[in-house]
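One structure is given here, and the rest of the page talks about it.
In the numbering used here, the protein residues as written are 178 to 313.
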């Protein structure tokens, strides 16, 4: 979505504001949730949870595109511009709040320095020795 938003501006410059939101909401926002989830879980000692399907990321995967859809739609329905902006922003904030609440239990946990180092080294070893070269 990052690249799509910027490329579309070249072809539809009149919709520049809406198309930039494809990059920001659809690209950077999704990346931020994904990276923050990974950092929080690994630093709390729950790296193995990253291999599971996390309900909080499912909510993000639904809420962020819905939010983006309302934001982009606002450009095409001027009579509902502010209502659509409000719905889109409320959806994004609600999604972010649900994600934050799901991460709160992990934010209050911290590994001892030695445990963290062991966990960090184990994760590096796993990444370096994965047959396909990635953990995903």
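Ideal Cβ positions, reconstructed from N, Cα and C, are used throughout, including at glycine.
Note that the coordinates shown come from a computational prediction; the quantities given were computed from them, not determined experimentally.
DSSP three-state assignment for residue i, whether helix, strand or coil
i           : result
residue 178 : coil
residue 228 : helix
residue 272 : helix
residue 301 : helix
residue 306 : coil
residue 237 : helix
residue 332 : Since the first residue shown for the chain is 178 and the last is 313, residue 332 is missing from the structure and cannot be characterised.
residue 210 : helix
residue 221 : coil
residue 191 : helix
Euclidean distance between Cα positions of residue i and residue j
i           : j           : result
residue 301 : residue 227 : 14 Å
residue 273 : residue 264 : 14 Å
residue 280 : residue 219 : 12 Å
residue 290 : residue 297 : 10 Å
residue 199 : residue 217 : 26 Å
residue 257 : residue 305 : 51 Å
residue 238 : residue 211 : 10 Å
residue 179 : residue 292 : 36 Å
residue 317 : residue 252 : For residue 317 there is no data in the structure shown, the boundaries of the chain being 178 and 313.
residue 299 : residue 224 : 10 Å
residue 260 : residue 231 : 31 Å
residue 191 : residue 184 : 13 Å
residue 295 : residue 209 : 26 Å
residue 262 : residue 201 : 15 Å
Contact belief for residue i with residue j at Cβ below 8 Å, rounded distance in angstroms
i           : j           : result
residue 314 : residue 241 : Residue coverage of the chain in this structure runs from 178 to 313, which leaves residue 314 outside it and unanswerable.
residue 203 : residue 222 : No, residue 203 and residue 222 are not in contact; Cβ-Cβ is about 31 Å, not under 8 Å.
residue 233 : residue 186 : About 32 Å; that fails the 8 Å criterion.
residue 189 : residue 196 : 6 Å
Inter-stretch contact at 8 Å, needing at least 3 Cβ pairs: the region 241 to 260 / the region 276 to 293: no
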